[in-house]
Amino acid sequence: MRLRETSPADLDVFLSWVPSEADMVLWSGRTFTWPLDRGQLETYLQNDQRRYWTGLDPDSGDPVGHASLLIDVDAHMMRLGCILLDPDARGRGLGRGLIGTAVRTGFEVTGLPVMKLGVYAHNVSARRVYESLGFRETGRVRSTEVGGQPWHALEMERSRPS
383 MRLRETSPAD LDVFLSWVPS EADMVLWSGR TFTWPLDRGQ LETYLQNDQR
433 RYWTGLDPDS GDPVGHASLL IDVDAHMMRL GCILLDPDAR GRGLGRGLIG
483 TAVRTGFEVT GLPVMKLGVY AHNVSARRVY ESLGFRETGR VRSTEVGGQP
533 WHALEMERSR PS
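For the sequence shown, my numbering gives the first residue as 383, with consecutive numbering after it.
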């Protein structure tokens, strides 16, 4: 999977991939409020501590995913987040390609020793992908409520490859 910097032109495509509040929270935690709109995404892209990437379909070159990387040099770590995949692209290995490329790129561009992320416990397919890429649960759990139901976010991390 090839990544390029996310541009404002990508935002309407991303919006089309997030049809519900539950989908929004699954993608971004509590970064945004429902209903999600272009203005929130434009503000999101303005954080200088983050890198924003759009993943491109290897065959068509069309956007099929998004990932961001929060870089905290002082804490010697980075946080992968806001992983979003076009619902029509699921089941083709593109999510793993997006995340794997984002992980490699993150370690290459920062030189930092640790990458962290959060994933909801019920998002089993995402957890499997993260584990296959070397992430391990830290034991830290955060909870939030979505649609009147508790959602538990697991913290995961991995070290820089040797």
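The beta carbon of each residue, even a glycine, is placed where N, CA and C say it ideally should be. All figures in this text were calculated on a predicted structure; none of them were measured in a lab.
Range covered by the alpha helix (DSSP H) that runs through residue i
i, result
"residue 484", "476-492"
"residue 404", "403-410"
"residue 514", "506-514"
"residue 420", "420-426"
"residue 395", "393-398"
Bounding residues of the beta strand (DSSP E) (the contiguous stretch that carries residue i)
i, result
"residue 535", "531-541"
"residue 463", "459-467"
Given residue i as reference, the closest of the options once Cα atoms are compared
i, options, result
"residue 518", "536, 504, 505", "536"
"residue 448", "395, 512, 529", "395"
"residue 391", "539, 408, 444, 403", "444"
"residue 442", "530, 384, 504, 543", "384"
"residue 455", "497, 539, 414, 420", "497"
Status (buried if at least 16 other CB within 10 Å, exposed otherwise) for residue i
i, result
"residue 514", "exposed"
"residue 506", "exposed"
"residue 377", "Residue 377 lies beyond the range of the chain shown here (383 to 544); nothing can be said about it."
Any contact between the region 399-410 and the region 465-475? By contact I mean 3 or more CB pairs, one from each, below 8 Å.
Touching, per the Cβ criterion.
Mind the definition here: the region 474-485 touches the region 422-442 only if three or more C-beta pairs lie below 8 Å; say whether that holds.
Contact between the region 474-485 and the region 422-442 is established, with three or more Cβ pairs separated by less than 8 Å.
Would the region 509-529 and the region 417-434 be scored as touching if the rule is three or more Cβ pairs under 8 Å?
Contact fails: fewer than three Cβ-Cβ distances are below 8 Å.
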